[in-house]
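Structure first, then comments.
There are 2 protein chains.
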Amino acid sequence: MTTYASAGVSLESATSLSSWLNPRVGGLFGGMVPASALKEYDHPVLVSSMDGIGTKVRLARRLGRFEGLGQDVVHHCVNDIAVHGAQPMFFLDYLAFHRLGEEIARRIVGSIADACASVGIALAGGETAEMPLVYREGELDVAGAIVGVVEQSEIIDGSSVTAGDVVLGLPSSGAHTNGYSLIQAIFTDADYERVMPGSGISLGEMLLLPHRCYASDIQELRGRVEVHGLAHITGGGIAGNLSRVIPDGLQAVIELPPWPTLFQRIHEHGIAREEMARVFNLGIGLVAVCRPNSSGLAGGEWQPIGYIRESRSERRVELGLS
Amino acid sequence: MTTYASAGVSLESATSLSSWLNPRVGGLFGGMVPASALKEYDHPVLVSSMDGIGTKVRLARRLGRFEGLGQDVVHHCVNDIAVHGAQPMFFLDYLAFHRLGEEIARRIVGSIADACASVGIALAGGETAEMPLVYREGELDVAGAIVGVVEQSEIIDGSSVTAGDVVLGLPSSGAHTNGYSLIQAIFTDADYERVMPGSGISLGEMLLLPHRCYASDIQELRGRVEVHGLAHITGGGIAGNLSRVIPDGLQAVIELPPWPTLFQRIHEHGIAREEMARVFNLGIGLVAVCRPNSSGLAGGEWQPIGYIRESRSERRVELGLS
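Each protein sequence line maps, in turn, to chains A and B.
Here the first sequence stands for residues 107 to 428, where the numbers follow this note's numbering.
Here the second sequence stands for residues 107 to 428, where the numbers follow this note's numbering.
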């Protein structure tokens with residue numbers, strides 16, 4: 107084990123973008139984030155999440171590109187609390203290595219610090235561990251925890267979803283951070299180098315595109331319509347995640363737009379449509395359930411993908427895969 | 107990846123001991139902890155820490171005893187923020203497996219939930235990952251993040267430490283969660299089964315004694331003397347950790363009591379005294395720097411182990427190992 111500071115990362119160098127961005131970390135046992143702003147809330151609720159980015163790290167190592175991993179883990183965490191209406195405050199990282207590579211640790215923690223700065227939150231601390239007996243040779247794992255805050259009366263949790271609500275979807279930037287064990291069981295090094303038609307980038311580059319951050323999209327949508335439920339589409343796919351915010355007696359009926367090329371390519375390798383839908387976001391990284399109003403709901407990148415109806419079925423989500 | 111809920115742990119079953127113990131987790135993307143109590147602080151500062159318990163997990167697996175791992179990771183985290191005077195609020199866990207063993211996951215997360223309940227904090231959520239390509243066969247990793255709060259004016263960080271202060275130590279419960287790669291390079295299965303003289307338990311049982319929680323000891327000490335600095339002794343040993351709270355121009359002079367049998371036994375396997383001091387706590391798990399007063403300082407388990415003097419040396423801690 108090494109202390110966070112010994113990874114050689116200067117937290118002070120991160121650009122200051124918000125009041126949460128001035129933690130004291132260097133030399134301390136715990137990171138400190140001033141939180142007087144919480145006193146302005148009537149009933150502050152702290153919303154937190156722990157997430158890993160799985161074997162996407164392994165693909166990054168294989169292709170020697172670590173720069174996007176910070177956005178992967180930070181955005182994954184930010185999205186998981188933003189879907190409840192929370193404003194992110196600070197982040198802590200966890201890096202574990204077979205053997206600690208100073209250079210790789212520096213690049214990954216640097217990318218985490220950059221990702222925190224760009225979403226305006228503090229990197230409050232972290233842990234870096236070396237465990238040759240636990241990790242396979244050359245392997246590493248990246249995870250993180252986030253903490254944010256929401257006014258209790260403004261929590262979004264799906265409880266206000268009703269029949270007649272419209273379901274909107276926002277594009278993902280690719281597979282985000284799910285399904286990479288499956289992906290790496292399918293493709294070869296030669297596959298990763300091949301340029302994807304119509305994109306100008308290789309399959310490897312496409313697979314390493316960072317997990318998209320939806321915090322500002324959520325804020326924008328809430329500014330113009332009544333949002334009843336939000337689902338971050340991670341492991342479990344659209345049905346598995348959207349069902350978490352659909353109340354008893356209701357069902358979301360979803361018809362997906364055509365799958366992006368990346369998912370078609372994976373599907374062509376013999377992965378069944380049902381398995382594809384269970385593992386991947388299939389091009390939709392965030393789903394919103396909203397009350398329709400006169401001015402219409404879709405706008406910008408948001409596209410209507412379904413609606414809410416009454417149902418006695420135990421299936422909260424009916425997903426059309428055609 | 108599986109969701110936290112699918113690990114089969116009923117968070118509702120944890121005994122309610124404090125106001126932080128009622129998070130909403132089930133089915134949500136982020137865990138929610140009501141934090142209106144923060145409004146009672148003048149200038150609340152959130153103190154957080156991320157910690158792993160390293161290869162102690164591997165020894166637990168080898169000996170088939172997972173029950174103490176919850177206390178290991180939770181107490182490690184609690185101590186890291188309690189040394190700054192913070193009151194812990196909630197915890198998030200991270201479990202990563204070669205292959206997800208439902209039974210083992212259940213036992214570990216159950217022990218984490220119990221440890222959180224016993225220190226009066228919420229288990230706000232967590233992540234469980236399965237990565238056969240990253241972890242060696244049968245291996246797993248356990249980490250966690252904690253968040254607590256302290257009134258800004260009451261932060262303990264060593265800045266008030268002065269020459270003439272007395273240094274006290276509290277016993278550890280063993281190696282806590284540091285040095286287990288070294289330990290497992292030394293001992294054999296037969297060694298683990300041998301009963302340790304004077305203890306009535308085997309070496310294996312002694313090595314799996316949970317990381318001691320110092321939160322109440324710190325509270326008790328602060329109630330009767332002026333505490334200037336506190337150090338949680340983890341990787342880096344007494345010198346490496348105590349030096350984090352010794353200001354410029356000062357030095358802590360420490361004379362350790364005789365090492366407990368466990369550390370003597372490790373030392374006998376050819377580990378140099380200097381290496382022992384760098385890796386292990388050597389029987390002292392928490393160090394406090396205090397202002398002496400008329401009624402004396404030591405009490406209960408606290409024992410005087412040194413003092414603070416002025417010094418131009420770059421060594422913040424002079425550790426006598428005799």
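We put the beta carbon where it would ideally sit given N, CA and C, even for glycine.
Model, not experiment: these values are computed from the prediction.
Point to revise | Opening and closing residue of the alpha helix (DSSP H) in which alanine 321(A) lies | key: Unbroken alpha helix (DSSP H) run through alanine 321(A): 321-330.
Point to revise | the segment 221-240 of chain B: positions lying closer than 8 Å to chain A by Cβ | key: Contact residues of the segment 221-240 of chain B toward chain A are Ala230, Gly231, Gly232, Glu233, Ala235, Met237, Pro238, Leu239 and Val240 (C-beta to C-beta distance below 8 Å).
Review point. Closer than 7 Å: is that where the CB of phenylalanine 196(A) sits relative to any heavy atom of the ligand ADP?
Key: Ligands are entirely absent from the displayed structure, and the ligand ADP is therefore not among its contents.
Check your understanding: First and last residue of the alpha helix (DSSP H) that includes valine 215(B)?
Key -> Segment 208-224, the alpha helix (DSSP H) holding valine 215(B).
**Study point:** Status (buried if at least 16 other CB within 10 Å, exposed otherwise) for histidine 182(A)
**Key:** Burial check for histidine 182(A): the Cβ neighbour count within 10 Å reaches 16 or more, so the residue is buried.
Check your understanding: In its own chain, which residues sit with a C-beta less than 6 Å from the C-beta of threonine 108(A), not counting the 5 before and 5 after it?
Key -> With a pLDDT of 32 at threonine 108(A), under the threshold of 50, the predicted position of this residue should be treated as unreliable, though the coordinate-derived value follows. Cβ neighbours of threonine 108(A) beyond the five flanking positions: Thr234.
**Study point:** Residues that alanine 141(A) contacts on chain B, provided the C-beta gap is smaller than 8 Å
**Key:** By Cβ distance, chain B contributes Leu144, Pro150, Val151, Leu152 and Val255.
Check your understanding: Based on Cα-Cα distance, which residue from Val184(A), Val179(A), Ile210(A) and Asp247(A) lies nearest to alanine 202(A)?
Key -> Ranking the options by Cα distance to alanine 202(A), first place goes to Asp247(A).
Point to revise | Three-state secondary structure (DSSP) of valine 240(B) | key: Reduced to three states, the DSSP call for valine 240(B) is coil.
Review point. Hey, which unbroken runs of the beta strand (DSSP E) at 3 residues or more fall wholly within the segment 158-211 of chain B?
Key: Listed in chain order, they are 193-203.
Practice item. Can you give me the start and stop residues for the beta strand (DSSP E) that glutamine 409(A) sits inside? Key: In the DSSP assignment, glutamine 409(A) falls within the unbroken beta strand (DSSP E) covering 409-416.
Review point. Are valine 255(A) and isoleucine 218(A) close, meaning C-beta to C-beta below 8 Å?
Key: Their beta carbons are not under 8 Å apart, which means valine 255(A) does not touch isoleucine 218(A) by this criterion.
Review point. Start and end of the beta strand (DSSP E) containing aspartate 247(A)?
Key: 246-257 is the span of the beta strand (DSSP E), which, as asked, contains aspartate 247(A).
Point to revise | glycine 232(B) - DSSP class collapsed to helix/strand/coil | key: In the structure shown, glycine 232(B) sits in a strand (DSSP, three-state: E or B).
**Study point:** Ranges of the beta strand (DSSP E) found wholly within the segment 369-408 of chain A, counting only runs of at least 3
**Key:** If we require 3 residues or more, the beta strand (DSSP E) runs fully inside the segment 369-408 of chain A come out as 390-396.
Exercise for review: Leaving aside the five residues before and after lysine 162(A) along the sequence, list all residues of the same chain whose C-beta is less than 7 Å from its C-beta, in chain order.
Suggested key: Excluding sequence neighbours, lysine 162(A) sits near Asp178, Thr283 and Tyr286.
Check your understanding: Is alanine 321(B) closer than 8 Å to leucine 152(A) when the C-beta atoms are compared?
Key -> Result no, Cβ atoms of leucine 152(A) and alanine 321(B) do not sit closer than 8 Å.
Review point. Under a CB-based cut-off of 8 Å, is phenylalanine 172(B) close to chain A?
Key: So, not an interface residue.
Check your understanding: In chain order, what residues of the segment 349-366 of chain A put their CB closer than 7 Å to some CB of chain B?
Key -> Of all residues in the segment 349-366 of chain A, the ones placed with a Cβ closer than 7 Å to any Cβ belonging to chain B are Arg350, in chain order.
Check your understanding: What do you reckon, are the CB atoms on glycine 426(A) and leucine 368(A) nearer than 8 Å?
Key -> No, the Cβ-Cβ distance between glycine 426(A) and leucine 368(A) is not below 8 Å.
Review point. Going along chain B in order, which residues have a C-beta closer than 7 Å to the C-beta of aspartate 297(A)?
Key: Against chain B, the beta carbon of aspartate 297(A) has no neighbour under 7 Å; the closest one sits roughly 17 Å away.
Check your understanding: What residues from chain B crowd round leucine 198(A), counting only those whose CB sits closer than 7 Å?
Key -> Near leucine 198(A) (Cβ distances below 7 Å), the residues of chain B are Ser154, Met156 and Ala251.
**Study point:** Limits of the unbroken beta strand (DSSP E) element including serine 356(A)
**Key:** Strictly speaking, residue 356(A) in this sequence is leucine, with serine absent from that position. Start and end: 356-361.
**Study point:** serine 224(B) to glutamate 424(B) span [Cα, whole Å]
**Key:** Straight through space, the alpha carbons of glutamate 424(B) and serine 224(B) are spaced by roughly 37 Å.
Review point. Under 9 Å Cβ-Cβ, which residues of chain A neighbour histidine 338(B)?
Key: Per Cβ cutoff of 9 Å: Phe135.
Point to revise | Residues that DSSP places opposite proline 277(A) in a beta bridge | key: According to DSSP, proline 277(A) bridges with Ile390(A).
Point to revise | Distance between histidine 190(A) and serine 349(A) (C-alpha atoms, nearest Å) | key: Between serine 349(A) and histidine 190(A), the alpha-carbon positions lie close to 15 Å from each other.
Review point. What did DSSP end up calling methionine 302(A) once you bin it into helix, strand or coil?
Key: Looking at methionine 302(A) - three-state DSSP - the assignment turns out to be coil, as it is neither helix nor strand.
Exercise for review: Taking C-beta pairs closer than 8 Å, name the residues in chain A that serine 287(B) reaches, listed in chain order.
Suggested key: Under the 8 Å cutoff, chain A gives Met237, Pro238 and Leu239.
Exercise for review: Would you please verify whether the beta carbon of threonine 294(B) is less than 8 Å from any beta carbon of chain A?
Suggested key: With 8 Å as the cut-off, threonine 294(B) does not count as an interface residue toward chain A.
Practice item. Just confirm the distance between the C-beta atoms of alanine 249(B) and tyrosine 298(B), as a whole number of angstroms; I'd bet it's less than 8 Å. Key: So it is not a contact: roughly 24 Å between Cβ atoms.
Review point. Do you know offhand how far glycine 343(A)'s Cα is from leucine 134(B)'s?
Key: Using only the alpha carbons, I get a separation of about 15 Å.
**Study point:** Distance between glutamine 290(A) and alanine 296(A) (C-alpha atoms, nearest Å)
**Key:** Near 12 Å, if we compare the C-alpha coordinates of glutamine 290(A) and alanine 296(A).
**Study point:** Residue-chain proximity (histidine 190(B), chain A), Cβ-Cβ < 8 Å
**Key:** So yes, histidine 190(B) belongs to the interface.
Exercise for review: For serine 122(A), name the three-state secondary structure that DSSP assigns.
Suggested key: Confidence is the limiting factor: at serine 122(A) the pLDDT is only 30, short of 50, which leaves the residue's position unreliable, though a coordinate-based value still follows. In the structure shown, serine 122(A) sits in coil (DSSP, three-state: anything other than H, G, I, E or B).
Review point. Which class does alanine 337(A) belong to by DSSP, given the choice of helix, strand or coil?
Key: The three-state secondary structure of alanine 337(A), taken from DSSP, is strand.
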